[in-house]
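Asker: Chains as they are written, first to last, in this note's numbering: chain W, 214 to 288; chain G, 185 to 431.
Each residue gets a CB set at the ideal place from its N, CA and C atoms; glycine is no exception.
Handing you this structure, nothing more for now.
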Amino acid sequence: MDMEAAKYIGAGIAMGLGAIGPAIGEGIAASKALEAIGRNPEANGKIAPLMFVAMAITESTGIYALVVALIILFA
Amino acid sequence: MNLDISLAPETLFHITSIPVSNAFFWSWLVFIFLIVGSFFLRRSLKMRPGRFQNIIEMMIGGAFDFVESMMGDKKRALRVFPLVFTMFFFIFFCNLLTFIPGQSAVTIETAGGVVPLFRAIISDYSIVFVMTMVSVIVTQIVAIASMGPLRYLGKFFNFTSPLNFFLGLMDLVGELAKVMSLSFRLFGNIFAGEVLGAVMLFLFPFFLPLPFAFLGLLTAVVQPFVFSVLTLVFISMAIQSEEPEMA
Chain W
214 MDMEAAKYIG AGIAMGLGAI GPAIGEGIAA SKALEAIGRN PEANGKIAPL MFVAMAITES
274 TGIYALVVAL IILFA
Chain G
185 MNLDISLAPE TLFHITSIPV SNAFFWSWLV FIFLIVGSFF LRRSLKMRPG RFQNIIEMMI
245 GGAFDFVESM MGDKKRALRV FPLVFTMFFF IFFCNLLTFI PGQSAVTIET AGGVVPLFRA
305 IISDYSIVFV MTMVSVIVTQ IVAIASMGPL RYLGKFFNFT SPLNFFLGLM DLVGELAKVM
365 SLSFRLFGNI FAGEVLGAVM LFLFPFFLPL PFAFLGLLTA VVQPFVFSVL TLVFISMAIQ
425 SEEPEMA
């Protein structure tokens, strides 16, 4: 198999598998945050920014997979 | 695809064999602007603030309240605030600059060919790596200053039992992993935003890039916040580790 094909397959697998975990994690984070807001709508101003921060951190491993895929493709 | 996506930023010129990339050059302009701007702002401070001073005061005041709530103590918050807020504001400003339209069209002729003059500053991994190392080194210095060097080393090389020794080594690996995770989170988000924007503009430049640009805008605000809040949390944990009774 030549180099170009291997690169494309590698990048595809890296990003494809790497996208599963963060999606599940962020869904759980969002659902817990919405549940908390549902129980206590006045705490919305405190919960929503923290939810975004938690999501940004949860997304990290997906971004690592993306960086690996981009390194495979472009470097 | 005829896209010019490269992981490493393109070199503009060399200063005695150190390559200066386009993102690095742009970052000089940014920090000269920020330093000169804040110098002039400082000179024109009034007791009854005008609109611009009002905005800056709201921003800095809000950020300081947040830092104080996370550190718990006003004196410590005052010591750590300049580093954390400067990192936040620098990364935020750099990210917002990527939304000025028409940047990638400006190219310059260099020895290596025609390269774009502007590039997202945070998409240069060297800049991100240096900021991350500053964060991590400051955290270690704070830990050493608050615990003393022997207790600090004892945290990693713990010879009381094999399990503790193993956990100490894992702590060491964890510190190195902090460097990787902190830098790759910031770099990956911004670089991927740039790549995504380039690919979407290549595929269908009319309405398709819009949702990705909105996502990029959200990322441009959240990622500097996450970077500086994580720095803040690491520093505050490095201080707290010496006072277990102050739970």
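In chain order, what residues of the same chain lie with their CB nearer than 7 Å to the CB of residue 241 of chain G, ignoring the 5 residues before and after it?
Answerer: 233
Asker: Based on DSSP bridge pairs, tell me the residues matched to residue 202 of chain G.
Answerer: G/199
Asker: Given residue 206 of chain G, which residues of its chain have a CB within under 7 Å of its CB, disregarding the five upstream and five downstream residues?
Answerer: 193, 194, 196, 299, 300, 301, 302, 303
Asker: What is the DSSP secondary structure of residue 413 of chain G, reduced to helix, strand or coil?
Answerer: helix
Asker: Determine contact between the stretch 390–399 of chain G and the stretch 258–266 of chain G, defined as no fewer than three beta-carbon pairs at a distance below 8 Å.
Answerer: no
Asker: Is the separation between the beta-carbon of residue 320 of chain G and that of residue 422 of chain G shorter than 7 Å?
Answerer: With a cutoff of 7 Å on beta-carbon distance, residue 320 of chain G and residue 422 of chain G are scored as not near each other.
Asker: Buried or exposed for residue 271 of chain G, going by 16 or more other Cβ atoms inside 10 Å?
Answerer: buried
Asker: Which of the three DSSP states, helix, strand or coil, is assigned to residue 469 of chain G?
Answerer: Residue numbering for chain G in the displayed model covers 185 to 431; residue 469 of chain G lies beyond these limits and cannot be assessed.
Asker: For residue 281 of chain G, is the beta carbon positioned less than 6 Å from some heavy atom of the ligand MG?
Answerer: Absence of the ligand MG from the depicted structure is noted, as is the absence of any ligand whatsoever, leaving it without description.
Asker: Could you name the residues of the same chain whose beta carbon sits closer than 6 Å to that of residue 387 of chain G, not counting the 5 residues immediately before and after it, in chain order?
Answerer: none
Asker: Name the two residues that bound the continuous beta strand (DSSP E) containing residue 291 of chain G.
Answerer: 291–294
Asker: Could you compute how far the alpha carbon of residue 238 of chain W sits from the alpha carbon of residue 226 of chain G?
Answerer: So the two alpha carbons sit approximately 45 Å from each other.
Asker: Please list the residues of the stretch 242–273 of chain W that have a C-beta atom closer than 9 Å to any C-beta atom in chain G, keeping them in chain order.
Answerer: 262, 265, 266, 268, 269, 270, 272, 273
Asker: Thinking just about the alpha-carbon of each residue, which of G/219, G/278, G/218, G/222 is nearest to the one in residue 407 of chain G?
Answerer: G/278
Asker: Is it true that the CB of residue 340 of chain G sits closer than 7 Å to the CB of residue 360 of chain G?
Answerer: Contact flag unset, no.
Asker: According to the neighbour-count rule (16 or more other Cβ atoms, all chains shown, within 10 Å of its Cβ), is residue 290 of chain G buried or exposed?
Answerer: With fewer than 16 other Cβ atoms within 10 Å, it is exposed.
Asker: Considering only C-alpha positions, which residue in the set G/411, G/416, G/309 is nearest to residue 270 of chain W?
Answerer: The residue with the shortest Cα to Cα distance from residue 270 of chain W is G/411.
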